[in-house]
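Numbering (this note's numbering), first residue to last: 9 to 387.
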Amino acid sequence: MADQYAQSHEDSGPPPTPSIRWDEPPEGPVLVLLDQTRLPAEEVELVCTDAPALVQAIRTLAVRGAPLLGIAGAYGVALAAVRGFDVDEAAEALATARPTAVNLERGVRRAQAAYRSAVEGGADQQQAAASALAEARALHEEDAEASRRMAQNGLAFLDELQPGGGHRLLTHCNTGALVSGGEGTAFAVALAAHREGQLRRLWVDETRPLLQGARLTAYEAARSGMAYTLLTDNAAGSLFAAGEVDAVLIGADRIVADGSVANKVGSYPLAVLARYHHVPFIVVAPVTTVDPDTPDGASIEVEQRAGQEVTEFTAPQVPVTGAEPGGGIPVAPLGTQAYNPAFDVTPPELVTAIVTEHGVVSPVTAEGLAQLCARSRQV
Ligand code: MRU
């Protein structure tokens, strides 16, 4: 079955435009984002001069994905500080722009704490702003390093499960360079397998309703030159039944104390399918995504998004994540209500392993996760 889907692509590397960058033109410092709502049609940058602009970019998913949200949040605090805005007000707005990915609030609080401690230590406004910016830059670099290590750890784990390579991996949503300071989380593992000649195929779920898989993961996969095939989310069942999936690899927005994993809606059904078909279900995430203060899956706040994302299609090259009523082509009768959670929660017993930059937790237990977190704090 697999060969009929074979294809080859030029290895043109990650998107040439960085997903996020700090810039200091003569008009003053800005945070520049690669506008992910415009991909794959065009690489367009979005310039934020203040925190409200960044909050809007976060809500519309111009910037998205857990690790990148953390980095963006930290830079957002620095932006407010450098431009002389109220830092605490900016931090509050940024930390609550979206509720599920814990990285966002973490990144914001980290830069805010650096700013505050500089002020308390007698620094002037400019020096305190520089401290916040240095913290954001440090987080950005740490995420790149975490990404490298997750790729190594994830590939080693895959090789243990299936020695000899030839991996056929199924992924959901988008977890590559677009969401990271480095090459990403789950996608970085697939990329490492590809570079080692061990990836037979990446199956890419389109990821309804906002198509992060079709628009973004397929884009990154094509650029990397790997063999990949796009499928509708509801085709995954028949793919498992045909024996075409060796492992599922996904990212996470929040991993809580008991090992429950919040990720893009559609992850949980994949975990159920994987269990039924005896296929490993592997979560790849940095420790900044682990939230030991939330006890269990039921306590995770899952973002609910506008129904128009489900009741309408938007035309290509129009921001598909805009969620403006009337912005797209209606596909349901006018007035139809939609259930549109952005994420779902997979219980720990369905997760084969959590791969982080500090090691792998498998089986997934509260104790194993707590030990990993403790180890990561010692480094
Ligand atoms: O709504 P999004 O596009 O921000 O959702 C992103 C995801 O669910 C990703 O899978 C998750 O953030 C992990 S990214 C490494």
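Quick reminder that beta carbons are idealized off the backbone N, C-alpha and C, glycines included.
Start and end residues, beta strand (DSSP E) containing Thr237: 236 to 239
Per-residue burial, Ser16 [other beta carbons within 10 Å of its own, 16 or more giving buried]: Confidence is the limiting factor: at Ser16 the pLDDT is only 46, short of 50, which leaves the residue's position unreliable, though a coordinate-based value still follows. It is exposed - the Cβ of Ser16 has fewer than 16 other Cβ atoms within 10 Å.
Within 8 Å, strictly: CB atoms of Glu365 and Met158: yes
Local conformation of Val90 per DSSP, three classes: helix
Near the ligand MRU: Asp31 beta-carbon under 7 Å from a heavy atom: no
Cut-off 6 Å between Cβ atoms - residues of its own chain near Val372, not counting five sequence neighbours on either side: Gly267, Pro356, Val359, Ile362
Rounded C-alpha distance that separates Thr344 from Thr322: 17 Å
Separation of Met234 from Thr108, as counted between CA atoms: 31 Å
Through-space distance from Arg385 to Pro26, alpha-carbon basis: 29 Å
Neighbour-count burial assignment, Val326, 16 or more Cβ in a 10 Å radius: Confidence is the limiting factor: at Val326 the pLDDT is only 48, short of 50, which leaves the residue's position unreliable, though a coordinate-based value still follows. Its Cβ having fewer than 16 others within 10 Å, Val326 is exposed.
Assigned secondary structure, Asp43 (DSSP; H/G/I helix, E/B strand, else coil): coil
Buried or exposed by the 16-neighbour rule on C-beta atoms within 10 Å, applied to Ala14: Note on Ala14: pLDDT 45, under 50, position unreliable in the model; the coordinate value appears next. Exposed, by the Cβ-count rule.
Three-state secondary structure assigned by DSSP to Thr179: strand
CB contact below 8 Å: Val90 versus chain B: Given the protein chain composition of this structure (a single chain), no chain B is represented.
8 Å contact criterion, which Ile258 and His180 should meet: CB distance rounded: 5 Å
Beta-carbon gap between Pro288 and Ala243 smaller than 8 Å: no
Cα-Cα separation, Val197 to Gly162: 6 Å
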